[in-house]
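Peer 1: Take this structure, written in structure tokens, and hold onto it; I'll ask about it next.
Numbering (my numbering), first residue to last: 2 to 257.
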């Protein structure tokens with residue numbers, strides 16, 4: 002059976018944080034846009050955050066967004082690092098992926114584009130605001146060993162669909178175990194990921210299991226610190242205060 006979970010409080014937290022910041026992209030120019038020779042795709046979106054998410058999904062290096070009426074919410078993506086000078090356009094702002102995210106290696110890789118794993122293999126379904134949040138949900142799943150996930154990006158709000166599975170890709174058939182769906186991509190755990198990519202061992206609900214796990218290595222401020230207590234369920238960024246205000250030894254993880 003499929004367990005459907007919607008983390009309402011987490012979504013509210015994401016809204017608060019992303020209204021003023023963009024995690025992996027920084028504004029490098031106001032009143033400029035990508036040169037047309039650099040644009041690999043273009044679409045109309047409502048907010049710059051949605052444009053950033055599209056860029057993240059496509060693993061692009063830069064994007065320009067029409068911030069004013071003249072720009073009409075146009076989101077232009079560049080899959081490669083731009084080599085030509087940007088074009089002056091007062092209706093647009095230009096964003097580049099920052100260095101810490103360019104150097105970050107994902108612990109997952111895209112196995113199938115435009116396909117979703119069939120429902121019988123989905124162990125948990127949840128909603129999040131980005132691909133990175135879905136990766137973290139899979140990496141931190143403690144009820145079963147998460148081997149991969151379906152991801153469907155939602156352009157309207159913080160309702161991107163994340164479906165986790167415990168079936169390794171080596172046991173799946175791309176023809177019989179997947180549905181054709183242009184809105185979904187399937188990602189698998191990267192077996193060749195660097196050693197700094199860690200995944201928790203399975204921990205039964207009654208306790209026990211392996212020792213302390215130090216969490217996946219995401220860009221600073223977007224993931225979990227080494228003392229985030231992976232045994233606890235439903236762990237999401239911002240749920241508990243960070244050092245120095247949090248007392249690591251406190252049984253409830255929240256300072257009094």
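Here a beta-carbon is modelled for each residue, glycine too, at the ideal position from N, C-alpha and C.
Give the range of the beta strand (DSSP E) segment to which residue 141 is assigned.
Peer 2: That residue, residue 141, is in no beta strand (DSSP E); it is neither H nor E in DSSP.
Peer 1: Pick from 185, 120, 183 and 176: whose alpha carbon is nearest that of residue 167?
Peer 2: Ranking 185, 120, 183 and 176 by Cα distance to residue 167 puts 120 first.
Peer 1: Report the three-state DSSP secondary structure of residue 210 (helix, strand or coil).
Peer 2: Here residue 210 scores only 41 on pLDDT, less than 50, and its place in the model is too uncertain to base an answer on.
Peer 1: Using a 10 Å radius around the Cβ and a threshold of 16 neighbouring Cβ atoms, would you call residue 184 buried or exposed?
Peer 2: The residue in question, residue 184, is exposed, as its Cβ has fewer than 16 Cβ neighbours within 10 Å.
Peer 1: Using only the alpha-carbon positions, how far apart do residue 59 and residue 96 sit?
Peer 2: Going by the C-alpha atoms only, they are around 15 angstroms apart.
Peer 1: Could you round the C-beta distance between residue 94 and residue 146 to whole angstroms and report it? I think they count as a contact, below 8 angstroms.
Peer 2: That belief does not hold up - the Cβ atoms of residue 94 and residue 146 are roughly 42 angstroms apart, past 8 angstroms.
Peer 1: Does the structure place the stretch 36 to 46 close enough to the stretch 73 to 81 that three or more beta carbon pairs sit under 8 angstroms?
Peer 2: Yes, the stretch 73 to 81 touches the stretch 36 to 46.
Peer 1: List the endpoints of the continuous alpha helix (DSSP H) containing residue 88.
Peer 2: From DSSP, residue 88 is part of no alpha helix (DSSP H) but of the beta strand (DSSP E) over 88 to 98.
Peer 1: So, using beta-carbon positions, are residue 188 and residue 154 closer together than 9 angstroms?
Peer 2: Against a cut-off of 9 angstroms, the Cβ pair of residue 154 and residue 188 comes out as no contact.
Peer 1: Pull up the CB-CB distance for residue 61 and residue 76, whole angstroms please, since I reckon it's below 8 angstroms.
Peer 2: Their Cβ separation, rounded to whole angstroms, is 10 angstroms, which puts residue 61 and residue 76 out of contact at 8 angstroms.
Peer 1: Consult DSSP for residue 82 and reduce its assignment to one of helix, strand or coil.
Peer 2: Correct three-state label for residue 82: coil.
Peer 1: Residues in its own chain within less than 6 angstroms of residue 129 by CB, not counting five upstream and five downstream?
Peer 2: Closer than 6 angstroms at the Cβ level, and outside the excluded window around residue 129, lie 135, 161 and 163.
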